[in-house]
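Read the structure below first, then the notes.
Numbering (the working numbering), first residue to last: 41 to 188.
Written out as structure tokens, the structure reads:
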């Protein structure tokens, strides 16, 4: 009984106390989520403020920026989903990471439309997206818990 009390008191001051570690990680992840929310808000405001420029300059010049901004906002939402998963489950699901990678790569593929590109660039993007889709299917199919 005395040894158990001594061990408990030692754990209070050690960095290996799992309760302290979990609270610290939750705080850091919470701050990251707040920063991502602020970034998303700034992105949406920037997107809305750029809409009047379409009427002045024409849609072709601004469309690329709007599409890229929307894709970045979607990627930020996926990152928040990853952080929420980590807080609730204590781990990160592979499917969430693959979702973020897919959103970013699809955004890059859309961005190629407005740039000079070669068929090799498009082929590499399509191949990478195809591989990520196949990995996502495999990760869902062979997941330890079938509910995603």
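Quick reminder that beta carbons are idealized off the backbone N, C-alpha and C, glycines included.
Distance between beta carbons of residue j and residue i, contact taken as under 8 Å
i, j, result
"residue 115", "residue 145", "About 10 Å separates the two Cβ atoms, so there is no contact after all."
"residue 178", "residue 147", "In fact, because the Cβ distance is near 23 Å, the residues do not count as touching under 8 Å."
"residue 87", "residue 106", "6 Å"
"residue 138", "residue 176", "4 Å"
Residue i, DSSP secondary structure in three states
i, result
"residue 92", "helix"
"residue 67", "helix"
"residue 179", "helix"
"residue 185", "coil"
Buried versus exposed, by CB contacts within 10 Å (16 or more), residue i
i, result
"residue 89", "exposed"
"residue 136", "buried"
"residue 111", "buried"
"residue 71", "exposed"
beta-carbon residue i near the ligand SAM non-hydrogen atom, thresh 7 Å
i, result
"residue 138", "Summarising the ligand content, the structure contains no ligands, and the ligand SAM is consequently not present."
Which runs of the alpha helix (DSSP H) at least 4 residues long sit entirely within the region 122 to 177? Give them in chain order. 134 to 152
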